[in-house]
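This report refers to the structure that appears directly beneath it.
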Amino acid sequence: MTNNFTPIKTTERIQLLDALRGLAIFGILMVNMPLMYAPISKILAGAEENLSTPGIIGESLIKLFFEGKFYVLFSMLFGYGFYIFMQKSTPEKSILPTFTRRLFFLLLFGLTHVVLLWAGDILVFYALFGFLLILFRNSSNKKIIGWSIAFISIPSLLSIFGVVMMAIFIAVPQAQESIQASNEQSAETMKSLIEQAYQVYSSGSFAEIISIRLKEYLALLPGLFFFYPVVMGMFLLGFYAARRQLIAQYREHLALFRRMFRWTLPIGLLTSLFYAFSYYKTDYSMPDAWSALSTVGHTLSGILLALAYVSGMVLLFAKGKMNFLFKWLSPVGQMALTNYIMHSVITAILFHSYGFGLFGKISVWEGIGLTVVIFSAQIPLSKWWLSKFLYGPLEWLWRSLTYLKIQPFKRSKNIA
Numbered sequence: 010m011t012n013n014f015t016p017i018k019t020t021e022r023i024q025l026l027d028a029l030r031g032l033a034i035f036g037i038l039m040v041n042m043p044l045m046y047a048p049i050s051k052i053l054a055g056a057e058e059n060l061s062t063p064g065i066i067g068e069s070l071i072k073l074f075f076e077g078k079f080y081v082l083f084s085m086l087f088g089y090g091f092y093i094f095m096q097k098s099t100p101e102k103s104i105l106p107t108f109t110r111r112l113f114f115l116l117l118f119g120l121t122h123v124v125l126l127w128a129g130d131i132l133v134f135y136a137l138f139g140f141l142l143i144l145f146r147n148s149s150n151k152k153i154i155g156w157s158i159a160f161i162s163i164p165s166l167l168s169i170f171g172v173v174m175m176a177i178f179i180a181v182p183q184a185q186e187s188i189q190a191s192n193e194q195s196a197e198t199m200k201s202l203i204e205q206a207y208q209v210y211s212s213g214s215f216a217e218i219i220s221i222r223l224k225e226y227l228a229l230l231p232g233l234f235f236f237y238p239v240v241m242g243m244f245l246l247g248f249y250a251a252r253r254q255l256i257a258q259y260r261e262h263l264a265l266f267r268r269m270f271r272w273t274l275p276i277g278l279l280t281s282l283f284y285a286f287s288y289y290k291t292d293y294s295m296p297d298a299w300s301a302l303s304t305v306g307h308t309l310s311g312i313l314l315a316l317a318y319v320s321g322m323v324l325l326f327a328k329g330k331m332n333f334l335f336k337w338l339s340p341v342g343q344m345a346l347t348n349y350i351m352h353s354v355i356t357a358i359l360f361h362s363y364g365f366g367l368f369g370k371i372s373v374w375e376g377i378g379l380t381v382v383i384f385s386a387q388i389p390l391s392k393w394w395l396s397k398f399l400y401g402p403l404e405w406l407w408r409s410l411t412y413l414k415i416q417p418f419k420r421s422k423n424i425a
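This is the structure:
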């Protein structure tokens, strides 16, 4: 049985939201790129030894201004979109079954992405946490903010708890020896996986690449408690922002955005500097104070600078400054799912053995340049595509599956 719900019309879209999505897509690619031309499992090994000075500078710039900031922004926008979607409900009929179906197909997109393209997919957990978000749809604002803070705090609390427990255990000589042996074994296992990944991605068959990708994905799963609770917290924060119509009615909240920008930018930059410094001090094979501080710095700097970026964009938009930026970013954001998946398609072709085989042969600065080139290409391509079609190809497929009905695709001459 079908329903009468329909997707939001292109003429009803909020340009500022699309521009923020476009900005998030750029930032996410900048952070993901080093994990696409090298094994993603390297993030479990910590800072790379013997990295050149230019490499350290490039890596530090990514950590200062991008890492941890844009998945936070994208997560807030997901929560904002959840509120907009829920507003389609009527007293006679709930939109909830349609939204759960939407999440189910997002989960399938994510799983396909993991198997065929890249182990760093975020869509799987967006879908899973989306089901959890449903539970908060009727919660009070106070409860939403409280739970948001609770979820955001989880990675830092877990990291601190791990450091404390490690300090207690290593105080016992017998336990210290056992822990050291276990850590050395884990480090050797991870080193072996990384070496195998370098070899397979650069010269293996398609089947072998899928196999090593799944091994990396499974190796990353234990770390989800140090990453994805923040996603859920930002879902809730975005949901709260949508309730207050902070973006849809941004002109009524400009004073708030000005205060937000003044506070979050300097504090966010300071905490981001602290995170980058602590990252290079952290020994990932043995949790210590630096690893806990790195986790805290990563979380705080990510949220603060994400809020600074949002408030800065809102203030620019309100003043009518840099309109070209919004015209560039909005089409990319309107096709966010397609452009996100295209990042993996393009880099797989460039780096893997069945393409140009450049895996492990790209420097940090070459990766930054490649990020700019790919995103720069997506701007005119997205604009051109949307001049011909109502949605991006994956957005159209997702909507058709969500509403159990083939959606209009080609743009009519009567639609602006």
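Residue numbering for the sequence shown follows this note's numbering, starting at 10 and increasing by one per position. Glycine included, C-beta positions come from ideal geometry on N, C-alpha and C.
- Straight-line spacing of the CA atoms in Ile-23 and Met-295 works out to 47 Å.
- Setting aside the 5 residues that flank it on each side, Asn-348 is surrounded in the same chain by Ile-34, Val-341, Gln-387, Ser-391, each with a C-beta closer than 7 Å to its C-beta; the list follows chain order.
- Sorting Arg-253, Val-40, Glu-375 by C-alpha distance to the C-alpha of Ile-154 places Arg-253 at the top.
- Counted as a single uninterrupted DSSP element, the alpha helix (DSSP H) harbouring Ile-158 occupies residues 150-179.
- Counting every other CB atom within 10 Å of its CB across the protein chains shown gives Pro-164 a total of 16 or more, marking it as buried.
- The beta carbon of Phe-140 lies closer than 8 Å to those of Thr-109, Leu-112 in the same chain, with the five residues before and after it left out.
- The region 280-289 makes contact with the region 72-85: 3 or more CB pairs, one atom from each, lie closer than 8 Å.
- The secondary-structure analysis by DSSP pairs Lys-419 across a beta bridge with Phe-398.
- For the pair Ile-358 and Phe-365, the Cα-to-Cα distance works out to about 6 Å.
- The region 239-254 makes contact with the region 84-93: 3 or more CB pairs, one atom from each, lie closer than 8 Å.
- When DSSP states are grouped into helix, strand and coil, Asp-27 belongs to the helix group.
- Secondary structure of Asn-59 (DSSP, three-state): coil.
- DSSP places Asn-348 within a helical segment (H, G or I) once states are collapsed to three.
- Per DSSP, the continuous alpha helix (DSSP H) segment holding Gly-277 begins and ends at 263-290.
- Per DSSP, reduced to three states, the secondary structure at Arg-146 is coil, with no helix or strand assignment.
- In summary, Met-243 is buried, with 16 or more beta-carbon neighbours lying within 10 Å of its beta-carbon over all protein chains present.
- For Gly-67, the closest C-alpha among the options Met-39, Leu-120, Gly-232, Phe-235 is that of Met-39.
- The Cβ atoms of Gly-378 and Pro-43 do not sit closer than 8 Å to each other.
- Gln-96 sits in coil when the DSSP states are folded into three classes, being neither helix nor strand.
- Note that the C-beta distance between Ile-49 and Gly-119 is not below 8 Å.
- Residue state for Tyr-412 is assigned as coil, using DSSP reduced to three classes.
- DSSP, read as helix, strand or coil, puts Ser-310 in helix.
- Each of Leu-313, Met-95, Ile-256 was checked against the Cα of Val-323, and the nearest Cα belongs to Ile-256.
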